[in-house]
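Okay, structure first, notes after.
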Amino acid sequence: MKINSKARIPAGRKSREKNLEDKPASDKEWKLRLYVAGETQRSLTAFANLKRICEEYLANRYSIEVVDLLKQPHLAQIDQIVALPTLVRKLPAPVRRVIGDLSNQDRVMVGMDLSELKI
Amino acid sequence: MLMSQGKMVSINTLKKVPTGIAGFDEITGGGLPAGRPTLICGGAGCGKSLFSTEFLVRGALQFNEPGVLMTFEETADDIKKNVASLGFDIARMIEQKKIFIDHVHVDRSEIEENGEYDLEGLFVRLNHAIKIVGAKRVALDTIETLFAGLQNQAILRSELRRLFGWLKEKGMTTVITGERGEGALTRQGLEEYVSDCVVLLDHRVIRQVSTRRMRIVKYRGSIHGTNEYPFLIGEAGITVLPITTAEMDYGVSSRRVPTGVPELDQMLGGKGYFQGSTVLLSGSAGTGKSSMASHLANVTCSRGERCIYFSFEESQAQIIRNMKSIGVDLESHVRKGLLKFHATRPTVYGLEMHLALIHKMIEEFKPVVTIFDPVTNLQAAGTLDDSVNMLIRMIDFLRKKNITCFMISLTPGGSRSLEMTDVGMSSIVDTWLLLRDVESGGERNRLMYVLKSRGMAHSNQVREFLITSKGVKLVEAYLGSEGVLTGSARVNQQNLERAHERLAADEMQRKKLALQHRRKSVEAQIEALRAGFLAEQDEVARDAASDDVRRQQVEIDRRSMAASRRVSNAKTQL
Numbered sequence: 001m002k003i004n005s006k007a008r009i010p011a012g013r014k015s016r017e018k019n020l021e022d023k024p025a026s027d028k029e030w031k032l033r034l035y036v037a038g039e040t041q042r043s044l045t046a047f048a049n050l051k052r053i054c055e056e057y058l059a060n061r062y063s064i065e066v067v068d069l070l071k072q073p074h075l076a077q078i079d080q081i082v083a084l085p086t087l088v089r090k091l092p093a094p095v096r097r098v099i100g101d102l103s104n105q106d107r108v109m110v111g112m113d114l115s116e117l118k119i
Numbered sequence: 120m121l122m123s124q125g126k127m128v129s130i131n132t133l134k135k136v137p138t139g140i141a142g143f144d145e146i147t148g149g150g151l152p153a154g155r156p157t158l159i160c161g162g163a164g165c166g167k168s169l170f171s172t173e174f175l176v177r178g179a180l181q182f183n184e185p186g187v188l189m190t191f192e193e194t195a196d197d198i199k200k201n202v203a204s205l206g207f208d209i210a211r212m213i214e215q216k217k218i219f220i221d222h223v224h225v226d227r228s229e230i231e232e233n234g235e236y237d238l239e240g241l242f243v244r245l246n247h248a249i250k251i252v253g254a255k256r257v258a259l260d261t262i263e264t265l266f267a268g269l270q271n272q273a274i275l276r277s278e279l280r281r282l283f284g285w286l287k288e289k290g291m292t293t294v295i296t297g298e299r300g301e302g303a304l305t306r307q308g309l310e311e312y313v314s315d316c317v318v319l320l321d322h323r324v325i326r327q328v329s330t331r332r333m334r335i336v337k338y339r340g341s342i343h344g345t346n347e348y349p350f351l352i353g354e355a356g357i358t359v360l361p362i363t364t365a366e367m368d369y370g371v372s373s374r375r376v377p378t379g380v381p382e383l384d385q386m387l388g389g390k391g392y393f394q395g396s397t398v399l400l401s402g403s404a405g406t407g408k409s410s411m412a413s414h415l416a417n418v419t420c421s422r423g424e425r426c427i428y429f430s431f432e433e434s435q436a437q438i439i440r441n442m443k444s445i446g447v448d449l450e451s452h453v454r455k456g457l458l459k460f461h462a463t464r465p466t467v468y469g470l471e472m473h474l475a476l477i478h479k480m481i482e483e484f485k486p487v488v489t490i491f492d493p494v495t496n497l498q499a500a501g502t503l504d505d506s507v508n509m510l511i512r513m514i515d516f517l518r519k520k521n522i523t524c525f526m527i528s529l530t531p532g533g534s535r536s537l538e539m540t541d542v543g544m545s546s547i548v549d550t551w552l553l554l555r556d557v558e559s560g561g562e563r564n565r566l567m568y569v570l571k572s573r574g575m576a577h578s579n580q581v582r583e584f585l586i587t588s589k590g591v592k593l594v595e596a597y598l599g600s601e602g603v604l605t606g607s608a609r610v611n612q613q614n615l616e617r618a619h620e621r622l623a624a625d626e627m628q629r630k631k632l633a634l635q636h637r638r639k640s641v642e643a644q645i646e647a648l649r650a651g652f653l654a655e656q657d658e659v660a661r662d663a664a665s666d667d668v669r670r671q672q673v674e675i676d677r678r679s680m681a682a683s684r685r686v687s688n689a690k691t692q693l
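Residue numbers (my numbering), protein chains in the order written: chain D, 1 to 119; chain V, 120 to 693.
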């Protein structure tokens with residue numbers, strides 16, 4: 001099973017956490033959260049797309065927390081979730097949101113400010 | 120429509136849920152369709168949000184149906200404040216899990232769309248909220264905001280359709296608000312998805328005065344009032360005032376209410392108005408209408424009964440001062456709490472607000488007599504039609520409560536138009552008094568007459584209406600060769616007649632004297648004649664006597680002559 005709360009990938013997190021502020025954008029820790037409602041085809045696709053992009057550009061310095069709203073419905077209100085799937089970039093600030101199954105990689109790059117890392 | 124209101128509930132088979140909104144349940148014959156979505160649409164500021172909030176709050180408070188408010192525009196704090204102004208403690212209701220407020224914030228600038236998505240998040244949130252409070256009611260205000268926040272309209276539309284279907288499946292009585300669009304009920308065509316019940320709210324400004332109106336555009340499976348119903352937003356939330364509830368099944372009273380002017384009581388069959396009847400007093404400016412009204416107020420309060428005086432022209436202090444000058448003391452009644460003034464400019468609110476306020480004050484004060492001075496000014500707060508409509512409803516309300524309604528109508532000058540301007544109202548009043556002024560001989564004088572008075576023998580006389588320092592007096596007007604005489608002309612006429620009388624009396628006296636004289640002279644004449652006669656008689660008697668004497672003398676003479684002849688016959692013959 002790919003998606004559940006265990007799907008968190010704390011790759012290289014501990015080592016980088018301490019001096020987060022000093023690092024350039026390209027070096028920062030990325031904290032992502034993906035909201036889904038159950039294991040639908042769309043949420044699986046979204047997760048797969050996200051992981052692929054992260055592996056490509058943010059290897060070892062990202063974490064993806066998958067929140068299943070069917071299990072934690074109260075989070076939907078707290079985090080202002082309307083559409084699903086929703087990807088929220090918690091860190092680095094500012095918070096960014098992308099909704100959809102992330103099938104367009106270029107737009108994910110733009111939406112998450114990843115494009116600068118692409119160069 | 121008028122009469123069928125009461126039956127509507129029994130005819131329909133559709134289950135309805137009362138909203139608790141005053142008047143709304145009456146015009147829908149029971150409320151909103153149970154377990155189905157209802158669309159409330161209208162322009163900005165027409166009361167959509169309030170309607171949906173009130174629907175939930177009243178549902179939770181009055182009908183034990185908890186509700187979920189999903190707001191897309193205002194935050195939960197805003198809602199709390201708004202509702203607090205209506206006297207609902209929504210914070211406590213949230214604590215008690217009767218109401219759940221979820222503010223959905225969607226900002227296009229914060230959201231990047233990428234690929235396929237759905238609105239399952241909204242479903243999750245709603246489902247969660249419904250579970251928490253055990254909701255029976257849901258309000259979505261205003262879900263159209265999503266169209267501004269999300270780009271993919273196709274997804275949005277299909278998801279909304281799914282949402283409404285889902286709510287229906289869950290048996291939620293739902294209110295969905297939608298902004299009025301051009302040429303359509305809602306900007307996003309929400310009416311396509313909500314096919315059960317559509318209510319249109321409207322906020323119109325006519326002659327600078329705004330009136331809110333409501334119309335049931337559609338109510339599937341139910342008979343409903345099709346009219347536009349005025350409604351207002353007051354201290355207690357929305358109040359719909361269905362014209363159609365003005366039924367005519369009120370009882371009547373044969374109790375009489377003195378008018379405060381004994382002479383007028385005389386004209387009205389000796390007793391005054393009927394309790395619970397509608398009295399219209401019309402007249403042009405300065406004919407003493409308010410004075411009549413204050414007499415009624417005075418006599419009512421003097422009996423220890425309550426009277427409420429709605430003034431649309433003068434303030435309380437003004438009326439009290441002015442009436443003191445004609446010997447009517449209203450101040451003491453106010454102090455005793457028997458008389459209540461409510462002075463407002465008609466243009467302060469729309470007609471509906473006036474009507475609602477009047478209703479409210481009457482419900483609270485419970486008067487026996489209400490005075491409206493003058494009702495014609497209400498036209499300033501709307502159109503003529505609207506004001507007449509409003510008055511009819513007000514009159515019906517008062518009749519139902521058996522409250523005597525005394526309305527003053529100001530008519531423009533010129534006596535010809537006097538009976539014309541009130542035509543709209545004349546048929547609904549029971550007693551119609553007319554005050555008019557007559558100009559003659561360089562002065563204006565007031566006349567009053569009873570134009571009609573249902574159910575009592577009333578005088579057909581025109582009376583002169585006098586305002587004295589001891590109150591209003593009605594005196595009989597004089598009919599002269601040039602019409603009705605009033606004022607100094609009447610006084611003149613009275614003097615003239617008095618002079619005539621005196622003259623006639625003098626003449627009589629003179630004639631009597633003359634007769635007496637005549638009698639005396641006749642008697643004198645008779646006396647004289649008799650005296651003459653007696654004299655003649657005496658004379659005749661005297662003549663007769665002397666004749667006898669003469670005859671005797673002749674005899675004597677003859678005898679003596681004969682005697683002497685015998686002796687001296689020779690001598691004689693010699």
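The beta carbon of each residue, even a glycine, is placed where N, CA and C say it ideally should be. This one's a predicted model, so the numbers in the text were calculated from it and none came from an experiment.
Between the beta-carbon of residue i and the beta-carbon of residue j, is there less than 8 Å?
{"i": "Leu320/V", "j": "Val336/V", "result": "no"}
{"i": "Leu399/V", "j": "Ser528/V", "result": "yes"}
{"i": "Ile140/V", "j": "Gly356/V", "result": "yes"}
{"i": "Arg555/V", "j": "Gly402/V", "result": "yes"}
{"i": "Leu510/V", "j": "Thr489/V", "result": "no"}
{"i": "Thr463/V", "j": "Phe431/V", "result": "yes"}
{"i": "Tyr312/V", "j": "Leu279/V", "result": "yes"}
{"i": "Phe191/V", "j": "Leu265/V", "result": "yes"}
{"i": "Glu263/V", "j": "Arg306/V", "result": "yes"}
{"i": "Val136/V", "j": "Leu158/V", "result": "no"}
{"i": "Ile427/V", "j": "Ile514/V", "result": "no"}
{"i": "Ile209/V", "j": "Val176/V", "result": "yes"}
{"i": "Glu231/V", "j": "Gly111/D", "result": "yes"}
{"i": "Trp30/D", "j": "Arg61/D", "result": "yes"}
Would you report the Cα separation of residue i and residue j, rounded to the nearest angstrom?
{"i": "Arg331/V", "j": "His473/V", "result": "13 Å"}
{"i": "Leu503/V", "j": "Arg323/V", "result": "16 Å"}
{"i": "Lys374/V", "j": "Lys592/V", "result": "Here residue 374/V turns out to be Arg, not Lys, going by the sequence shown. The straight-line gap from Cα to Cα measures roughly 24 Å."}
{"i": "Arg89/D", "j": "Leu50/D", "result": "12 Å"}
{"i": "Glu235/V", "j": "Gly100/D", "result": "5 Å"}
{"i": "Ser372/V", "j": "Arg244/V", "result": "60 Å"}
{"i": "Asp505/V", "j": "Ala596/V", "result": "39 Å"}
{"i": "Leu476/V", "j": "Gln272/V", "result": "46 Å"}
{"i": "Asp549/V", "j": "Ile146/V", "result": "29 Å"}
{"i": "His224/V", "j": "Leu84/D", "result": "15 Å"}
{"i": "Arg107/D", "j": "Asp113/D", "result": "10 Å"}
{"i": "Leu133/V", "j": "His343/V", "result": "12 Å"}
{"i": "Lys287/V", "j": "Asp315/V", "result": "11 Å"}
{"i": "Ile586/V", "j": "Gly149/V", "result": "54 Å"}
{"i": "Asn417/V", "j": "Gln612/V", "result": "34 Å"}
{"i": "Ser168/V", "j": "Glu193/V", "result": "9 Å"}
{"i": "Val461/V", "j": "Phe525/V", "result": "In the sequence as displayed, the identity of residue 461/V is His instead of Val. For His461/V and Phe525/V, the distance between alpha carbons rounds to 15 Å."}
Ordered along the chain, which non-local residues of its own chain (more than five positions away) have a Cβ less than 8 Å from that of residue i?
{"i": "Ser103/D", "result": "Thr45 and Asn49"}
{"i": "Thr605/V", "result": "Val557, Ser559, Asn564, Arg565, Leu566, Glu583, Ala596 and Tyr597"}
{"i": "Ser444/V", "result": "Ser588"}
{"i": "Val95/D", "result": "Val88 and Arg89"}
{"i": "Ile251/V", "result": "Lys216 and Phe219"}
In the DSSP assignment, what residue or residues form a beta bridge with residue i?
{"i": "Leu470/V", "result": "Paired residue(s): none; Leu470/V is not in a bridge."}
{"i": "Arg332/V", "result": "Asp321/V and Pro349/V"}
{"i": "Leu582/V", "result": "Leu is not the amino acid found at residue 582/V; the sequence shown has Arg there. According to DSSP, which records beta bridges pairwise, Arg582/V is partnered with Met567/V and Glu595/V."}
{"i": "Cys426/V", "result": "Leu458/V and Val488/V"}
{"i": "Ser401/V", "result": "Ser528/V and Leu553/V"}
Go through its chain and collect everything with a Cβ distance to residue i's Cβ below 7 Å, but skip five positions before and after it.
{"i": "Ser329/V", "result": "His322, Arg323 and Gly469"}
{"i": "Gln498/V", "result": "Ser506"}
{"i": "Gly395/V", "result": "Val371, Ser372, Arg518, Asn521, Ile522 and Thr523"}
{"i": "Lys631/V", "result": "none"}
Here's a check: name, in chain order, each residue in its chain whose Cβ is nearer than 6 Å to the Cβ of residue i, leaving out the five neighbours to either side.
{"i": "Pro92/D", "result": "Lys28"}
Is the beta carbon of residue i within less than 7 Å of some heavy atom of the ligand ADP?
{"i": "Lys250/V", "result": "As presented, the structure is devoid of all ligands, the ligand ADP included, so that no description of it is given."}
Assess, as a yes-or-no matter, whether the region 236-255 of chain V is touched by the region 194-201 of chain V under the definition of 3 or more beta carbon pairs within less than 8 Å.
-> The region 194-201 of chain V vs the region 236-255 of chain V: no contact.
The region 413-432 of chain V in contact with the region 449-458 of chain V per 3-pair CB rule at 8 Å | Remark: three or more beta-carbon pairs, one from each stretch, lie closer than 8 Å, so the region 413-432 of chain V and the region 449-458 of chain V are flagged as touching.
With a cut-off of 8 Å, do at least 3 Cβ pairs link the region 247-258 of chain V to the region 293-305 of chain V?
-> Contact between the region 247-258 of chain V and the region 293-305 of chain V is present: 3 or more CB-CB pairs across the two stretches fall below 8 Å.
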